[in-house]
Structure formats: C-alpha cells, structure tokens
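In my numbering, the protein residues as written are 9 to 55.
All residues carry an ideal CB built from backbone N, CA and C; glycine is no exception.
All values derive from a computational prediction rather than experimental measurement.
The following block contains the structure:
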C-alpha cells in the first residue's frame with residue numbers, strides 16, 4: 009500500500025517536473041495560480 013502511494017507521488021511529481029522543463033513559464037504560471045487559489049481558499053475557510 010505504501011509502495012503504491014510512493015509510486016503515484018513520483019508519477020505526479022515527474023509529470024509536473026516534465027512540464028516545468030518543457031514549458032517553464034506556462035507551467036510555473038499555472039502552478040502559481042493553483043497555489044494562490046488553494047491559499048486564498050484556505051484563508052477564506054478558516055477566518
């Protein structure tokens with residue numbers, strides 16, 4: 009069970025890393041928007 013979790017995590021991180029290498033500006037912009045959305049949602053929910 010833990011091995012599958014580690015494999016899935018590696019696949020997700022590898023995919024994100026591949027996009028960052030392939031299209032750095034676009035992928036970092038998308039990651040920044042996703043991170044900002046998560047942060048703002050967290051602040052709104054726990055205020």
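If you draw a straight line from the C-alpha of residue i to the C-alpha of residue j, how long is it?
i	j	result
residue 26	residue 52	32 Å
residue 38	residue 9	31 Å
residue 12	residue 33	31 Å
residue 55	residue 36	28 Å
residue 18	residue 43	19 Å
residue 14	residue 24	15 Å
residue 31	residue 21	15 Å
residue 40	residue 50	15 Å
residue 48	residue 28	23 Å
residue 16	residue 46	21 Å
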